[in-house]
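These notes concern the structure reproduced below.
There are 2 protein chains.
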Amino acid sequence: MTSRPAASPVPAAPAAAAPAAATRSDAARNRGRLLDAAAGLIAERGSDVDVREIARRAEVGMGTLYRHFPTKEALLDAALEHVFTSWAAAASAALTGRAWPDLGRFLADALTRQTASPGLLDAYCQALPGQAGNTARQHCRQQVGPLIAELVRAAHESGELRPDITAEDVSLLLVALGRIAPVVPEPAWRRILHVTLDGLHTRAATPLPRPDRPL
Amino acid sequence: MTSRPAASPVPAAPAAAAPAAATRSDAARNRGRLLDAAAGLIAERGSDVDVREIARRAEVGMGTLYRHFPTKEALLDAALEHVFTSWAAAASAALTGRAWPDLGRFLADALTRQTASPGLLDAYCQALPGQAGNTARQHCRQQVGPLIAELVRAAHESGELRPDITAEDVSLLLVALGRIAPVVPEPAWRRILHVTLDGLHTRAATPLPRPDRPL
DNA sequence: ACCGAAGCGGAGCAGTTGCTCCGGTAGGGT
DNA sequence: ACCCTACCGGAGCAACTGCTCCGCTTCGGT
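Going down the list, the protein sequences come from chains A and B.
Under the working numbering, the first residue of the first sequence is numbered 88, with each subsequent residue one higher.
Under the working numbering, the first residue of the second sequence is numbered 88, with each subsequent residue one higher.
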């Protein structure tokens, strides 16, 4: 950590999935454990996790943690990148080609995922006012952004998404709904999503799933 | 916290606006200063403020702070109650009697207010998973809840709000939008609000304010 | 003017956090 | 089988947090 020769402006994450050179097997295993533990704890409790707890759950010591990642933030960062990447992959694989249902399903799936990991968006939104260096957000944008853009383009083409809506609008709506999804019962946020989709549709106002019988 | 005799489930908030007995003038002044400082800091940075900083901004010492409020939480609580009360009063005074525009204006005003105080909703939503004792939320519900209920009732009666929407839905939407309003430029969240209102309207899909020219 | 008590302030305590240090351990090329 | 080296682990440091303690000040009734 004292004098790094040169390299890119991104210091950490040399290869999350490609150890490449001859790394010791236990080192690779511990790195993976740390990433999993960090991701799990972020999902459960948000991004203000105790490093000791990460190490404990990963069943490694503090020295190991800080050998693999220069700082807590770098660890969380790497974990988040992995999470966002796998989300984008799963969402992309779930597409059927029918634009409007795909959009709705993508949003519903994203919110379900968010329900299981309340802390994810917290990490994403953390330090938003200051911005400047929120890499979680950048990772999400890089991984999921193109997918949303494609969904929006296709839905525009099918004529069901009102033309004045941008991919940015959809991303924003997703973040907004994602902030409440984990803290209310699922039927509640499904109602909200339904209303939102109605607002997004060219011709709007379809009946809600079930107005008074929640499930 | 050891053994409370009986009393109501709300322990704190003896009298935020009614010192009643013969209180010393400086005490009352300092109490007000603490409330203002706390509210200001919560608005700016959310509910994880340093008590020392509250005391510093209020220009009082730590002893004074803890003389007036038994715990940090109690202080934040009292400050939040005051904030929510004045919000409800202002919003209630702004009503014109025309239901649908009133609802839209109420939401827009709430979001503007939220933009100026990003930390407010953080305090409101904090510890939501555990729930159990989030008094900020209770205060908001008590103060603002009836107002939203009335807005929804009137908008239903006017026939413009789709009948399957409940006051709970509107509250939830407000929270969701409030979570993003402070972190994006105002035109962006106004677009989102517009879409949402379209989704709430019986016959939907009116043109957005300005699709591509943000302001 | 006087005086008792309520009020004031900030140094200090205990707990928690992110991070470092260094003796011991075990991997893997030879 | 050997040994060098990268790696492991957890005790310890410094900074920060919420909160308490206690000597001094100031209010306000007489």
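Each residue gets a CB set at the ideal place from its N, CA and C atoms; glycine is no exception.
I'd like the span of the alpha helix (DSSP H) that includes residue i, first residue to last.
i, result
"B:Thr158", "Element bounds for B:Thr158: n/a, residue is neither H nor E."
"A:Val138", "138-145"
"A:Val270", "It is not in any alpha helix (DSSP H) - A:Val270 carries neither H nor E in the DSSP assignment."
"A:Ser112", "112-132"
According to DSSP, residue i sits in a beta bridge with which residue or residues?
i, result
"A:His281", "None, per the DSSP bridge assignment."
"B:His243", "B:His243 is not bridged to any residue."
"A:Leu248", "A:His288"
Label residue i either buried or exposed according to how many other C-beta atoms from any shown protein chain fall within 10 Å of its C-beta, with 16 as the threshold for buried.
i, result
"A:Glu168", "buried"
"A:Pro269", "buried"
"A:Pro205", "buried"
"A:Ala108", "In this predicted model, A:Ala108 has a pLDDT of only 49, less than 50, meaning its place in the structure is not dependable; the value taken from the coordinates is given anyway. Exposed."
"A:Asp135", "exposed"
"B:Thr183", "exposed"
"A:Glu273", "exposed"
"B:Leu180", "Reading off the sequence shown, one finds Ala at residue 180 of chain B, where the question assumed Leu. Result: exposed."
"B:Arg224", "buried"
"B:Asp209", "buried"
"B:Thr222", "buried"
"B:Arg139", "exposed"
"A:Asp189", "buried"
"A:Gly150", "exposed"
"B:Gly191", "buried"
"B:Ala115", "exposed"
"B:Glu146", "exposed"
"B:Thr199", "exposed"
"B:Gly286", "buried"
"A:Glu247", "buried"
"A:Gly148", "exposed"
"A:Ala166", "buried"
"A:His124", "Residue identity differs from the one stated: residue 124 of chain A is Ala in this sequence, not His. Counting Cβ neighbours within 10 Å, A:Ala124 comes out buried, since at least 16 surround it."
Report task. Name, going along the chain, the residues of the segment 261-277 of chain A whose beta-carbon falls closer than 8 Å to a beta-carbon of chain B. Result -> Val262, Ala263, Leu264, Arg266, Ile267, Pro269, Val270, Val271, Ala275, Trp276
Query - Every unbroken alpha helix (DSSP H) within the segment 157-238 of chain A, with a cutoff of 4 residues, ordered by chain - result: 159-180, 186-203, 206-212
Query - the segment 239-262 of chain A: positions lying closer than 9 Å to chain B by Cβ - result: Arg249, Pro250, Asp251, Ile252, Thr253, Glu255, Asp256, Leu259, Leu260, Val262
Report task. With 7 Å as the C-beta to C-beta threshold (strictly closer), list the residues of the segment 127-148 of chain A near chain B in chain order. Result -> none
Report task. Report the residues of the segment 277-290 of chain A with a CB closer than 7 Å to any CB of chain B, ordered along the chain. Result -> Arg278, Ile279, Val282, Thr283, Asp285, Gly286, Leu287, Thr289, Arg290
Query - Residues of the segment 195-212 of chain A whose Cβ lies closer than 8 Å to any Cβ of chain B, in chain order - result: Pro205, Cys212
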